[in-house]
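Protein chains: 2
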Amino acid sequence: MQALAQPRRREILELVRAREMSAGDIATHFDLTRPAISQHLKVLRDSRLVTERRDGTRRFYRARPEGLSDLRKFLELFWDYRLGMLKDAAESDQTRRAGRGASPEPSEGKGDSDSDVS
Amino acid sequence: MQALAQPRRREILELVRAREMSAGDIATHFDLTRPAISQHLKVLRDSRLVTERRDGTRRFYRARPEGLSDLRKFLELFWDYRLGMLKDAAESDQTRRAGRGASPEPSEGKGDSDSDVS
DNA sequence: AGTATTTGTTAGTTGACACTTACGTAAGTC
DNA sequence: GACTTACGTAAGTGTCAACTAACAAATACT
């Protein structure tokens, strides 16, 4: 997950998302030296976010979407909880209105400012 | 997205995922000083990943799953492309088998080592 | 064989960031 | 008002990572 922190890394990923590209072609798309690209590719390779295919002296890279599964699971954890929270609030408002014993939390999380739920 | 690079930040997010907590309570869960937690909370707050509720001298924080929508869109971009790639390969194998003109890429991406598709 | 091309790797420097220590601020209590 | 509690902020330090420059390795070509 740390590999995606750098924007350059994400740009490289988007570059080799659709088609595979050689390391040199990738380097020409940035204002960086080729060694820098090699290091970024090494990080992406170690994180199993790209696959490497060697053809002669050139090495072609391609994105590997399955490598993002861990991050996807992390996000779904939060997303599922959000749905569960809404469901729980709804059913606690309907059925068991007894309350769980004067909890000092006013909850107040309804008018949450803005809601940019995609 | 940079805010999620630090594992501490993600731990804090998981901590305030279900219930809201005060800054002091959050700090007791780590081997860090309270100012360090304050700085992490500032980053999370600026990234709109948590919401702040002030009650007297205390400040309660809670995760804001909507703040992860950008990251979610980024991931879905890759995921949707993967599905499109599979679909495209399938229909090119069925209908238009003419080929698009002797491309020098053996493609080779079928037995892709391992496939940990969640 | 020798030379050029394409790439990865190592050494070293610079910048960013996570952390601690110290201080400032706001709200409650006497 | 003075004191305590809870928290944030400012300044300083150390560490990690991203970058450049120089070198090494593997293949293609003559």
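Residue numbers (this note's numbering), protein chains in the order written: chain F, 1 to 118; chain V, 1 to 118.
Note that CB positions come from ideal geometry on N, CA and C, so glycine has one too.
With C-beta atoms as the reference, is residue i less than 7 Å away from residue j?
i	j	result
Arg64(F)	Leu49(F)	yes
Ser52(V)	Arg58(V)	Note on identity: in this sequence residue 52(V) is Glu, with Ser being the wrong assignment. Against a cut-off of 7 Å, the Cβ pair of Arg58(V) and Glu52(V) comes out as no contact.
Ile37(F)	Ala27(F)	yes
Ala121(F)	Val43(F)	The question about residue 121(F) has no answer here: the residues shown for chain F are numbered 1 through 118.
Met1(F)	Leu71(F)	yes
Leu75(V)	Leu68(F)	yes
Using a Cβ cut-off of 7 Å, pull out every chain F residue sitting near residue i, in sequence order please.
i	result
Gln39(V)	Within 7 Å Cβ-Cβ: nothing; Gln39(V) doesn't reach chain F, min ~17 Å.
Leu68(V)	Leu75 and Phe78
Kindly list the residues whose CB is nearer than 7 Å to the CB of residue i, restricted to its own chain and excluding five residues on each side of it in sequence; keep chain order.
i	result
Gln6(V)	none
Arg45(F)	Glu52
His29(V)	Leu15
Since residue i meets chain V, which of its residues come closer than 9 Å, beta carbon to beta carbon?
i	result
Arg54(F)	Residues of chain V passing the Cβ test: none, with the nearest at roughly 11 Å.
Leu71(F)	Leu4, Leu71 and Leu75
Measure from the alpha carbon of residue i to the alpha carbon of each residue in the options, then state which is nearest.
i	options	result
Ala23(V)	Glu76(V), Gly67(V), Leu41(V) and Phe78(V)	Leu41(V)
Ser47(V)	Arg54(V), Pro35(V), Arg34(V) and Glu66(V)	Glu66(V)
Which same chain residues, not among the five before or five after residue i, have their C-beta less than 6 Å away from its C-beta?
i	result
Arg97(F)	Model confidence at Arg97(F) stands at a pLDDT of 46, short of 50, so the residue's coordinates are unreliable; what they give is reported in the following sentence. So the list is empty, once near-sequence residues are dropped.
Output needed for residue i: all residues of its chain with C-beta closer than 8 Å, excluding positions within five of it in sequence on either side, in chain order.
i	result
Glu20(V)	Arg53, Phe60, Tyr61 and Arg62
Arg34(V)	Ala23, Gly24 and Ala27
Under 7 Å between beta-carbons, which chain V residues line up against residue i? List them in chain order, please.
i	result
Ala63(F)	Phe78
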